[in-house]
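*Asks:*
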Amino acid sequence: MATAAACGACTMAGRRAAAPRAPKKPKQRPAERGGAGPGSTGGSAPGAAPLPPPPPSGRPRPCVRFKCGFTGPVLDVLSRRPGWQQAKDEEEWDFLWCDVSWLRENFDHTYMEEHVRICHFRNHYELSRKNYLVKNLKRFRKQLERDAGKLEAAKCDFFPKTFEMPSEYHLFVEEFRKKPGTTWIMKPVGRSQGKGIFLFRKLKDIVDWKKDGGRTEEQKDETQIETYVAQQYIENPYLIGGRKFDLRVYVLVTSYIPLKAWLYRDGFARFSNTRFTLNSIDDHYVHLTNVAVQKTARDYDPEKGCKWMIQQLRQYLTAKHGAGSVEVLFADMDNIFIKSLQSVQKVIISDKHCFELYGYDILIDWNLKPWLLEVNASPSLIASSQEDYELKCHLLKDTLHIVDMEGRLTGKEKRVGGFDLIWNDGPVSREGNLGTLVNGNFMANTHLGCYNDRKQQLKQLFRTLSAQQTA
Ligand SMILES: Nc1ncnc2c1ncn2[C@@H]1O[C@H](COP(=O)(O)OP(=O)(O)O)[C@@H](O)[C@H]1O
Ligand SMILES: [Mg+2]
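Numbers in our numbering are just positions in the sequence shown, counted from 1, shifted up by 973.
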């Protein structure tokens, strides 16, 4: 294992995180053994020396060494951050932005000092795999019904009926037969960008899938069938200009125990290029709103793209339906973020070295009800246009401000740049509302789709923080 070469500006002493070594055989993951229990790996190798005390808060960290497995906005933002330096291949690092596959190979074998941060939780898949997400939500719903009653449990009814395939095939068939003629969607649990998805209305299509359609090329020679979910297809999506869209919203979690979650003000709607119809269920350009799918359409115009900023959508909906209905819609979305995170709170290994920037996929139906389609632990951070590039760079910069390797924050902030703190071991009240109740209503600290004056806010925040430090 190599140690860090001397860094001119760096005054931090001692070990950070060992550079990933040649991967050893990874330990079996908790969920593969049938569900992870609560607790923390601590990230330390067995027998490692006790961790040194954390740096006194408020003392700036003069040099941060980062590793990054990506190009594009992530690498651009990390490289341009003042005082940050990219660690070379074998060098130790303080901060890692990696792909989830890195975790499987290396996490359990990597020693991490107190201050080290990494952009995924060890068992992120409890939320980001489509079958585990639903399993956790169903369990959480049952628990809520037991502990708090039916009304509270009904607040979890934001995901379409879903069955794991082939393990829940018989349950699925039972449900399928109750409503003949409805449309279902089959999605492989471990893939993304619309890959492997198809819609169906007849059981025969599933029988064909079971025969061989459910196998990837690599699995064709094996008897193994790839796991899918069969999910009720939302047949009445909200349409704008006759086109379907879904939303991508960003939520940052910095701790699961206690749960601390931040919601980003910006996000976007991803439109299909083709008018919506239920007559052609085989046409992916109609039904799948992934940019990766839409940009392969013959009439796709890269100049125009297929996105709307969420602010534009919020304005459009407000003009059409009034502010009250739109507030309810956005409050329902907040409920989705919080309930889904709570559903895995006791399952995710809440390691203090980890944070996660989730990309939520939400579909709105024509009753203005939002549905959760999936949660991505590795949302696409490449840019499809200049506007998209800027959004992602700002999102990443603000994520780094909150992760706060530099040690500038007090930990009491409710807003940092474009992020608003929506949950801090409980709901967070809006900045300035000391009494938390306005006209008898709790004013939640959420501003999704509102004006994102992040630059001014950051200027003000860091000015106040440095004034406090000098005082
Ligand atoms: N239950 C559903 N009802 C309607 N449309 C859906 C449903 N599930 C997925 N879709 C459409 O398919 C797209 C891809 O589905 P998603 O679950 O996000 O998988 P992927 O990981 O491939 O992105 C979504 O963006 C949405 O447009
Ligand atoms: Mg998706």
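Glycine included, C-beta positions come from ideal geometry on N, C-alpha and C.
Every value quoted in this text rests on a predicted model; they were computed, and no experiment measured them.
Is the CB-CB distance between N1096 and I1322 below 7 Å?
*Replies:* yes
*Asks:* Ligand 1 and E1206: does any heavy atom of the ligand fall closer than 6 Å to the residue's C-beta?
*Replies:* Checking the displayed sequence, the identity of residue 1206 turns out to be Tyr instead of Glu. Within the cutoff, so yes.
*Asks:* Can you pull every residue whose C-beta falls closer than 7 Å to some heavy atom of ligand 2, listed in chain order?
*Replies:* Taking each Cβ in turn, the ones that pass are S1165, N1263, D1334, L1346, E1347 and N1349.
*Asks:* Measuring CA to CA, which of K1183, P1210, H1367 and K1217 is closest to A1203?
*Replies:* K1183
*Asks:* Do you know offhand how far R1112's Cα is from S1316's?
*Replies:* 8 Å
*Asks:* Do V1073 and A1292 have their beta-carbon atoms positioned less than 7 Å apart in this structure?
*Replies:* no
*Asks:* If you draw a straight line from the C-alpha of M1138 to the C-alpha of T1200, how long is it?
*Replies:* The alpha-carbon of M1138 is positioned some 6 Å away from that of T1200.
*Asks:* Give the secondary structure of F1435 by DSSP, where H, G and I count as helix, E and B as strand, and everything else as coil.
*Replies:* helix
*Asks:* How would you call L1220, buried or exposed, if buried means at least 16 neighbouring beta carbons within 10 angstroms?
*Replies:* buried
*Asks:* Shorter than 6 Å, the distance from the beta carbon of P1343 to the closest heavy atom of ligand 1, or not?
*Replies:* no
*Asks:* DSSP three-state label for F1303, please.
*Replies:* helix
*Asks:* Per the DSSP calculation, L1225 is bridged to which residue(s)?
*Replies:* W1235 and L1330
*Asks:* What does the Cβ neighbour count give for L1144, buried or exposed, with the cut at 16 atoms within 10 Å?
*Replies:* Counting of Cβ neighbours within 10 angstroms places L1144 among the exposed residues, the total staying below 16.
*Asks:* What number of angstroms, rounded off, separates the C-alpha of D1274 from the C-alpha of Q1116?
*Replies:* Their backbone Cα atoms lie some 48 Å apart in a straight line.
*Asks:* Taking only three categories from DSSP, how would you classify D1256?
*Replies:* coil
*Asks:* Looking at the unbroken alpha helix (DSSP H) that takes in R1077, where does it start and where does it end?
*Replies:* First-last of the alpha helix (DSSP H) with R1077: V1073 to N1079.
*Asks:* Run the proximity test for D1219: is its beta-carbon closer than 6 Å to any non-hydrogen atom belonging to ligand 1?
*Replies:* yes
*Asks:* Please name the residue, chosen from Y1237, L1225 and W1281, that lies closest to S1245 on a Cα-to-Cα basis.
*Replies:* W1281
*Asks:* Nearest-angstrom Cα distance between Q1166 and Y1223?
*Replies:* Using only the alpha carbons, I get a separation of about 17 Å.
*Asks:* Report the option in G1045, F1173 and L1225 whose CA atom is closest to the CA atom of L1373.
*Replies:* L1225
*Asks:* In whole angstroms, what is the alpha-carbon distance linking M1159 and Q1429?
*Replies:* 45 Å
*Asks:* Work out the CA separation of Y1084 and F1171 for me, nearest whole Å.
*Replies:* 43 Å
*Asks:* Tell me whether I1335 sits in a helix, a strand or coil according to DSSP, three-state version.
*Replies:* The answer is strand: DSSP assigns I1335 an E or B state.
*Asks:* Threshold first: 4 residues or longer. Then list the alpha helix (DSSP H) segments lying entirely within the region 1343 to 1414, N to C.
*Replies:* 1359 to 1376
*Asks:* Using only the alpha-carbon positions, how far apart do D1398 and T1135 sit?
*Replies:* Note on geometry: alpha-carbon atoms of D1398 and T1135 lie some 29 Å from one another.
*Asks:* May I ask which residues mark the beginning and end of the alpha helix (DSSP H) holding L1172?
*Replies:* No alpha helix (DSSP H) holds L1172; the beta strand (DSSP E) holding it covers F1171 to F1173.
*Asks:* Assess contact between the region 1294 to 1308 and the region 1063 to 1071, defined as three or more Cβ pairs (one per stretch) separated by less than 8 Å. Is contact present?
*Replies:* no
*Asks:* What residue range does the beta strand (DSSP E) around K1108 cover?
*Replies:* That residue, K1108, is in no beta strand (DSSP E); its alpha helix (DSSP H) goes K1103 to A1121.
*Asks:* Tell me E1137's beta-bridge partners as DSSP assigns them.
*Replies:* V1202
*Asks:* Any chance the CB of I1230 is under 6 Å from a heavy atom of ligand 1?
*Replies:* I1230 Cβ: outside cutoff for every heavy atom of ligand 1.
*Asks:* Can you list, in chain order, the residues of its chain with a C-beta nearer than 6 Å to that of T1443? Leave out the 5 residues immediately preceding and following it.
*Replies:* Cβ within range, chain order: n/a, list empty.
*Asks:* Which value, in whole angstroms, describes the spacing of the CA atoms of N1104 and F1435?
*Replies:* One C-alpha to the other measures close to 42 Å.
*Asks:* According to DSSP, is K1040 helix, strand or coil?
*Replies:* strand
*Asks:* Going along the chain, which residues of its own chain have a beta-carbon closer than 6 Å to the beta-carbon of C1327, five neighbours each way excluded?
*Replies:* So the qualifying residues of the chain are I1091 and F1094.
*Asks:* For the alpha helix (DSSP H) holding Q1267, just list the boundary residues, first then last.
*Replies:* Judged by DSSP secondary structure, Q1267 falls within the alpha helix (DSSP H) whose first and last residues are V1264 to Q1267.
*Asks:* Please state the DSSP three-state secondary structure of Q1441.
*Replies:* helix
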